[in-house]
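Chemist:
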Amino acid sequence: AVHRGAAARKEVESLKQQQQQQEQASEQETQGAKEEQGEEVVAFEGSAEEQAAAVKIQAVHRGAAARKEVESLKQQQQQQEQASEQMTQGAKEEQGEEVVAFEGSAEEQAAAVKIQAVHRGAAAVKIQ
């Protein structure tokens, strides 16, 4: 039992060292990438409390930038959906289908779609 404990502690220690080495390597790669992209890399020398505050400020800034990007992507997606919906309605009007705007809850819209599907299925059977 003592041997297994010692072996486990050695394994944990080696895993910690590997993780630290990987973190250092990734940090160096990140700094190199930032320098290549023209981002300013500033070494901050201050107390641990000041460094923690700086990290927190950076995290808040990055979070705000990420939220702004997500909002922009959502708006683009909405615009694309609206454009495709307008194209679909235009195509239906060209084919002579009546386009009716139905405003209701999601449940009511789902029920309307189901009724339409049943009706179209019955019409298709009659035609054949």
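Each residue of the sequence shown is one higher than the last, beginning at 1 in the numbering used here. Yeah, the Cβ is synthetic: ideal placement off N, Cα and C, and Gly gets one too. The structure displayed is predicted, hence computed values, not measured ones.
#1: Please list the terminal residues of the continuous alpha helix (DSSP H) segment that includes Glu108.
#2: Just how far apart, CA to CA, sit Glu71 and Ser26?
#3: In whole angstroms, give me the CA-to-CA distance for Glu29 and Ala65.
#4: Does the beta carbon of Gln21 sit closer than 9 Å to a beta carbon anywhere in chain C?
#5: With distances taken between CB atoms, is the gap from Gly46 to Ala54 smaller than 9 Å?
Modeler: From the atom records:
#1: 106-127
#2: 29 Å
#3: 22 Å
#4: No chain C appears in the structure shown, which is made up of a single protein chain.
#5: yes
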